[in-house]
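Chemist:
Chains as they are written, first to last, in my numbering: chain A, 48 to 529; chain B, 48 to 529; chain C, 48 to 529; chain D, 48 to 529.
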């Protein structure tokens, strides 16, 4: 039997290459787990061939250390290549037990889920690294004033820490989404066979447990036909990438303005412009996030308007898209982590910028309400008038005097009260309600955020350890297991 | 002050129309809650104006029953229109208390979240209706054979119930995602003011509780700047729409083949082709799902490469996209619910089709392993040879005899064993492992699925009741509250 | 016959409302054209009923001025509503001639294309307005220095005109794409009937010509089944929206920095921050472009993985998506047109900024090659060293002296040569190669760009006039036509 | 100078690998063309170093045959690696002439466009192959009846040729779009330097001509900053992929029904289901098209909400997305070409299916109008009644007799007239209007389609030849050129 050249070139060869590189170990683990479950079948034939089955299992484990041949025209895919190798080792009869109640449908889907688990845990680990870097910067800048923009204009003073704590909140919610997606993902399809399970009474819970899943998918059709876990991963990735694209947007802007400085190891010059020092690491982070969102669309289209059943669309054909997503989103996270971890918020320039703006005008209005009993709309108008007066006179708002206020028909304020009302640090200090930027409020929030981060790390380590343990057991001959 | 014609025509007017129609009640509730929180400020001015504040609150509540004027060139938006109306009722001084520590930033975001809550609960309700319809069909077809296709070719027999139980599994996971998104969404931004909170010590927890939120967003910058909850809703919607697009694909296919019949009220004829009876309700369901996935992209683009701060992109400008998503996805769910609820799986045709196919060949192979000790690969080859022989002879696989098997060099099987191995119902009955299609297994699964549905309904009713109660309290003058 | 409530609510009613509002006139024109073609059939029956057919045609024309009833449960859609009204006017027998060789398939597709033509011409008109505004600003700023950024850092001086001429180039290519899409779109499906044409020998070329099409689609299956013209419109819209999103990005940035100023009629203040003056018209333009790109995805999904044949997916069900696209992209263009047309490039600030940067360093290197025979890499290094020296000494690059150069081991340059090499205007003046920013080069380019614009306007007016004339002829009883 | 590990791992290394593999020859050609243009500068320094420049040019040409080193930590990218190699060959002074008026900005963009040209021409070639295969099948099936479906139900008879001629129409329009995109793409950025051109009077037209471009981009800012040509390629690819997804949808459906048969070399069996013969080549074609549409989104996102200027987003960072697009769309085209070219439309089954349906009912109605003077609505009703009667009696519509018609109150038709009206071939033969399915009409259309194909092939060969010639000239030392 030989396949069409185009089919080889565009399907069989690239799929084989991909599977060799990215899926082989998962295939072997899943096959080993299946064989161990087959070995427990109450069937007479099975019982009388325990030795052959054990041999098969050993051969499977040994394949982990065997170099994979490049594509061989005789076999359509990696699965059949493994079959051939096993037959050569233990004979066709023994390999027959591997295929009992097993279909590429459930085997493939199991392998894809195993790979997706790892992808998700890697992303989660990168996300935790970034959260850690964000919190570290936050902790160092609880008192560093940042002029927050709204609608692309200076809005109000807050602190770098307050801003970064907000970023950490979004990343923490993103982590939650990852854990929830992981929980739904981590159910095992094996034993579903083609779609209807098998008439051999395979213990699917045992198979699932061996592979580190939380249990089997509890409907065999669902096990091979559903792709919602893929679409959910896309949702998680979209949220991560889009949220971070906004953070990157600010970091780039601050780099342009000299408020955030990257080290030399993260900038590049120009081949023609001698003065250049481009914050390219941030730019590349942005584009990787864009490509992550974009490439994820492949996965959406691949689950659109196709039957609900076993198909290639969301099987082998979409693995490359997950790879692309992993490279892009993972790369974006890594670059961003480097930039946040090794960049510097330039305190003096940030402070100078704050003092140069009118952004404390809100507090002046608030103070006019408290000190002079004006209604807020009246106070707002008066404060706006003062801003305008100072601008026209080429003076900074912070340099306004009680006399300026009187000229505008405003109330008599003491010099101290006015100065304080217009001072950025005071602006921040006074905002100490729940979630506000006042240093003591943010400090307390950051302590809780650190605890939350540790809790997240605990979850991640637990999952990683769980998978590692399962893997070790599967790669150790049963007789060597304690 | 007058705005540019283009600005009026493309921004102010349509936004006002939209807000009047879809957001007014949420604005009033949020403003009422804020005023009640302001009334509790320890501030002297506030304490001495309790009567005015109470009047303001009453005026706010009364606005629920006041017809909204159409757009008025004097005021840029609904919020300022309400301000004007309130000023006319209770005076500018009193209205000043509304604006204390309040920004359109936090107010808008609160309103958008209130609207999103409702959108999400409506979708959840539609999803539960569909799950109920799916389960009802499943319960009626536990023994109805369905030939399941893989790769667009007949694969194996299963039952309609087994297939629908798998669909219900996906819908149930979708419901879970909705509840998780709801939990993250249901935190209140109010009190965040422009972004840094207020120097007036507003009790943000009290505000949040009044509005039926689970609590305030615990960082004021996060409260006004984050759009991850929107992207998460998109993820949920994508998953719902794409998953259902696959179910619809099958229903349409089955309609084409006469396996699933829609009632007259859901089909349309042709103006030119006299024989036509088109299953258009399913076709429209498909297109609404396509448009839901597509229109959701608006929301993704609106959070891409913009600063992390308060902006219009994910504020007023994206509300129409949520509306479109609601119309399309909600419409798709409603049509699908009608089709599943009132369509008929045509038992006889389904059975006849099953008997006409070769899809029990797998079980024959399994049986050859058990009865004759063949390895599965050998049994697979023999079964395939029988399929080929019967096809070449123009006979159905089910009519194969022990003699046919012998001719192919196969083992001697009794007539009864062979018949049973080739019979679709037996195929299904024998697959009684975890998650398999055997009637008793599926029946048990369906009982659990019903319980799961009731549990989901309980969650939904709790949330709906919680919001209704909060709303009632907000629309009742405080003195009338028990 | 009565349809299911859900079907009415989610399909029939909204479709009827939409068709009444947006499609009615196109339906009537297309039906009139068809009836006139039927009247020419050589058929005996047709020939003997010319008077009835003429009456039918008059009744059709009169319907343009008849108010449309709201949805009537008796008829599924606007087409059948028109049929009912015509029957009441001229009798069932006469209306029969309308339905000869006519299907809703070809009629609908014709109507959708007529609507798409208008949509495309409106977009083209808006684009021309924007091009005109861009060129006007360019013409006024041929000598206004703009520091062009690359990688978010100051790169080189150019002029506002040079930048805007580049923008005009992109808009001009976009216009070309529109005309090409229009040419492919403007073929008439009528006469294709259900898909196979009719056994009545209808003159499809005559029908097409009446409706202002360039001719009929030359395969009747293609006429009703193809949606590539829709996907092409999406491509055109994506390109317009994304290209403009980049221009808006710069305008917003320049607004933030005071380099580009919007008039009061295009900015908004804040309800809480007294100092605010937000360039919201630009922000809304951005979000409309984002929504245009996003909503266009609906149209892509609606042509994905569906059969190639007549379907609702790319028919009635996608009209709302085109409407959304029209509103968003059209709105974005209009806002942008207002901002460019009425905004101000702030010459002095732009110049001051240019003088404050190091962006002439490239020219210094070029001059060192010419004057001193250094290789470019050597000159680049020397220029970079000078930049660093000046920065460290807190001096502007422009204030460098021949002595500074000598200190760095560079060649002796005259003061005049050095000053000129570091002066932004000189930088620009010297770049007078093809496409460069030198004022005389850009001025010449702008003259050509104006001519190109006039040529585009000529095309547009020709198409508009052509459609108007066809429409007039169709709405005038034949006997009144000259 | 050393870069951050993350920057190396996620940017520099993969970019270098990619450039080595996919861009090296374009870099060398572009650099050679630039050096030849530099050699023509009237500058004294240039004139006195002609020999060095010639040596540089030779060294550049020789690099085509030099193996590329793997990534070297000393140089950030392929461009600088080439610089190093050239310096080693001809000295730093000589290499300096390469860098005169050259920036990576214009060089990169030129290289990306050269690569995009090739990508587009390859796609165009694949498209022509597919058109050829489609026309060949069409020519063989001018009389083969195909029941065309509308709304997923049997609609009317047409022929395989009529259907395929429609497909060819769409592919031909797609080809047009490619040629138009190519024309806009094929303008040369070189000489734009960083963005403002150079003060050295480089002859940009000469550079463009050497590289096979139609001319230089006529604004240097446009040359380096615009990405509309990328978005246009996405539009072209979307249209190709979505249009073909619909064709594939039909081919798969016909495969399921036995109407279209793939050869063994394009199907795969099942590891568990012995009877399986899956048309996987078509399924993989579908998924490649889905991934093409999806992955193209990366390119859209990369041009969204970024400044209009030189950036990495649409430069190096998007080349991988074009690669993915090329692999997916090219692969989909190749698979589809194989399936169409080597698959078989199963004439007998197609005919049998046509005779089993009611799809000639339209023609019966048409005939009733002509023969009996009924209005079309009356004829439609009568035809529908006959369909219903025959269905209820379990008889095929084609077996209806004049008596059946009379029973329904219809007119007296002769047996011959009735038979002919209900016969699928007659149905098709009678539809001989412009674009109809009648064999002589389609045959004529196919002749024109062949001519159109040849014309397209002529265009393609011209472009390919033009690029090859330019390449040859660039890789031949000037003194060896005739």
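For glycine and all other residues, C-beta sits at the position ideal for the given N, C-alpha and C.
1) Could you tell me whether the Cβ of residue 92 of chain D comes closer than 7 angstroms to any Cβ of chain C?
2) For residue 223 of chain A and residue 143 of chain D, I'd like the C-alpha separation in whole angstroms.
3) Enumerate in chain order the residues of its own chain whose CB-to-CB distance from residue 437 of chain C is below 8 angstroms, with the five nearest sequence positions on each side excluded.
4) Quick one: using the 10 Å Cβ neighbour count with 16 as the cut-off for buried, is residue 152 of chain D buried or exposed?
5) Does DSSP classify residue 355 of chain B as helix, strand or coil?
6) Please check the pair residue 248 of chain A and residue 157 of chain A, which I expect to be a contact at CB under 8 angstroms, by giving their CB distance rounded to whole angstroms.
7) What are the residues in the stretch 320-337 of chain C lying within 7 angstroms of chain A by C-beta distance?
8) Buried or exposed, going by whether 16 or more other CB atoms sit within 10 Å of the CB of residue 96 of chain B?
9) I believe residue 392 of chain D touches residue 188 of chain D by the beta-carbon criterion, under 8 angstroms. Please report the beta-carbon distance rounded to the nearest angstrom.
10) Tell me the rounded alpha-carbon separation between residue 420 of chain A and residue 320 of chain C.
11) Beta carbons nearer than 8 angstroms to chain C: which residues of the stretch 166-186 of chain D have them?
12) Along chain C, in chain order, which residues have C-beta atoms closer than 8 angstroms to that of residue 241 of chain B?
13) On the three-state DSSP scale, how would you describe residue 322 of chain C?
14) Pull up the CB-CB distance for residue 291 of chain D and residue 386 of chain D, whole angstroms please, since I reckon it's below 8 angstroms.
15) So with CB distances below 9 angstroms, who are the chain A contacts of residue 475 of chain C?
16) Have a look at C/101, C/427, C/263 and flag the residue whose alpha-carbon is nearest the alpha-carbon of residue 526 of chain C.
17) How far does the alpha helix (DSSP H) with residue 278 of chain B in it extend, from its first residue to its last?
18) Report the neighbours of residue 430 of chain D on chain C: residues whose CB is nearer than 7 angstroms to its CB, in chain order.
19) Answer with buried or exposed for residue 439 of chain C, where buried requires no fewer than 16 other C-beta atoms within 10 angstroms of its C-beta.
20) To which residues does DSSP link residue 194 of chain D through a beta bridge?
21) Which residues bound the alpha helix (DSSP H) around residue 252 of chain C?
22) Is any beta-carbon of chain D found at less than 7 angstroms from that of residue 290 of chain C?
23) Scan the stretch 207-226 of chain A for residues whose Cβ lies nearer than 8 angstroms to a Cβ of chain B and list them as they occur along the chain.
24) Across which residues does DSSP place residue 391 of chain D in a beta bridge pair?
25) Could you check whether the Cβ of residue 279 of chain B sits closer than 7 angstroms to any Cβ belonging to chain A?
26) Do the stretch 179-197 of chain A and the stretch 275-282 of chain A make contact, defined as three or more Cβ pairs closer than 8 angstroms?
27) Any C-beta of chain B sitting closer than 7 angstroms to the C-beta of residue 231 of chain A?
28) Using a beta-carbon distance cut-off of less than 8 angstroms, what residues from the stretch 337-368 of chain A approach chain C?
29) Are the Cβ atoms of residue 407 of chain D and residue 307 of chain D separated by less than 7 angstroms?
30) Since residue 263 of chain B sits in a beta bridge, which residues does DSSP pair it with?
31) Out of D/135, D/196, D/295, D/348, point me to the one whose CA is closest to residue 334 of chain A's CA.
Modeler: Looking at the coordinates:
1) Position 45 of the fourth chain holds residue 92 of chain D. Judged by the 7 angstroms Cβ criterion, residue 92 of chain D is in contact with chain C.
2) Locating residue 223 of chain A in the first chain gives position 176, where the first residue counts as 1. Locating residue 143 of chain D in the fourth chain gives position 96, where the first residue counts as 1. Going from the Cα of residue 223 of chain A to the Cα of residue 143 of chain D covers about 55 angstroms.
3) Residue mapping note: residue 437 of chain C aligns to position 390 of the third chain, counting from 1. Cβ neighbours of residue 437 of chain C within its own chain (closer than 8 angstroms, five residues either side excluded): 405, 443, 444, 446, 447, 451.
4) Along the fourth chain, one-based indexing puts residue 152 of chain D at 105. Counting the other Cβ atoms within 10 Å of the Cβ of residue 152 of chain D gives 16 or more, which makes it buried.
5) In the second chain, counting from the first residue as 1, residue 355 of chain B sits at position 308. Residue 355 of chain B: coil per DSSP, three-state reduction.
6) If you number the first chain from 1, residue 248 of chain A lands on position 201. If you number the first chain from 1, residue 157 of chain A lands on position 110. So it is not a contact: roughly 19 angstroms between Cβ atoms.
7) Those residues of the stretch 320-337 of chain C placed with their C-beta closer than 7 angstroms to a C-beta in chain A are 320, 321, 322, 323, 324, 325, 326, 327, 330, ordered along the chain.
8) The count along the second chain starts at 1 and reaches residue 96 of chain B at position 49. With a 10 Å radius around the Cβ and a threshold of 16 neighbouring Cβ atoms, residue 96 of chain B comes out buried.
9) The residue given as residue 392 of chain D occupies position 345 in the fourth chain. The residue given as residue 188 of chain D occupies position 141 in the fourth chain. Between residue 188 of chain D and residue 392 of chain D the Cβ distance is about 6 angstroms, and since that is below 8 angstroms, they are a contact.
10) Taking the first chain and counting its residues from 1, one reaches residue 420 of chain A at position 373. Taking the third chain and counting its residues from 1, one reaches residue 320 of chain C at position 273. Taking the straight line from one Cα to the other gives about 19 angstroms.
11) The stretch 166-186 of chain D vs chain C, Cβ under 8 angstroms: nothing.
12) Against the second chain, residue 241 of chain B aligns to sequence position 194. Here the neighbours are 317, 319, 320.
13) Within the third chain, residue 322 of chain C is the residue found at index 275, counting from 1. Correct three-state label for residue 322 of chain C: coil.
14) Locating residue 291 of chain D in the fourth chain gives position 244, counting from the first residue. Locating residue 386 of chain D in the fourth chain gives position 339, counting from the first residue. Not confirmed; about 11 angstroms, so no contact.
15) Numbered from its first residue, the third chain carries residue 475 of chain C at position 428. The contacting residues do not exist; residue 475 of chain C stays about 15 angstroms from chain A at best.
16) Numbered from its first residue, the third chain carries residue 526 of chain C at position 479. Selected option, being the one with the closest Cα: C/101.
17) Here residue 278 of chain B is taken as the residue at index 231 of the second chain, counted from 1. Counting along the chain, the alpha helix (DSSP H) containing residue 278 of chain B begins and ends at 275-303.
18) For the purposes of this step, residue 430 of chain D is taken as residue 383 along the fourth chain, with counting starting at 1. Neighbours of residue 430 of chain D on chain C: none; closest Cβ ~13 angstroms, over 7 angstroms.
19) Position 392 of the third chain holds residue 439 of chain C. It counts as exposed.
20) In the fourth chain, residue 194 of chain D corresponds to position 147, counting from 1. Listed as beta-bridge partners of residue 194 of chain D by DSSP are D/204.
21) The sequence position of residue 252 of chain C within the third chain is 205, counting from 1. Residue 252 of chain C -> alpha helix (DSSP H) spans 251-257.
22) On the third chain, position 243 is the one that residue 290 of chain C refers to. It does: the Cβ of residue 290 of chain C has a partner Cβ on chain D nearer than 7 angstroms.
23) So the close ones are 209, 210, 212, 213, 214, 216, 217, 220, 221, 223, 224.
24) Within the fourth chain, the letter at position 344 stands for residue 391 of chain D. Answer is D/308, bridged to residue 391 of chain D.
25) Walking along the second chain from the start, residue 279 of chain B turns up at place 232. Among the CB atoms of chain A, one or more fall inside 7 angstroms of the CB of residue 279 of chain B.
26) Cβ pair count under 8 angstroms is below three, so no.
27) For the purposes of this step, residue 231 of chain A is taken as the residue at position 184 of the first chain. So, interface residue.
28) Listed in sequence order: 348, 351, 352, 353.
29) Translated into the one-based positions of the fourth chain, residue 407 of chain D becomes position 360. Translated into the one-based positions of the fourth chain, residue 307 of chain D becomes position 260. No; because the gap between Cβ atoms is not below 7 angstroms, this pair is not in contact.
30) Stepping through the second chain from its first residue, residue 263 of chain B is reached at position 216. Residue pairing by DSSP places residue 263 of chain B opposite B/235 in a beta bridge.
31) As a working note, residue 334 of chain A is residue 287 in the first chain. When D/135, D/196, D/295, D/348 are compared, the shortest CA-CA separation from residue 334 of chain A is found for D/348.
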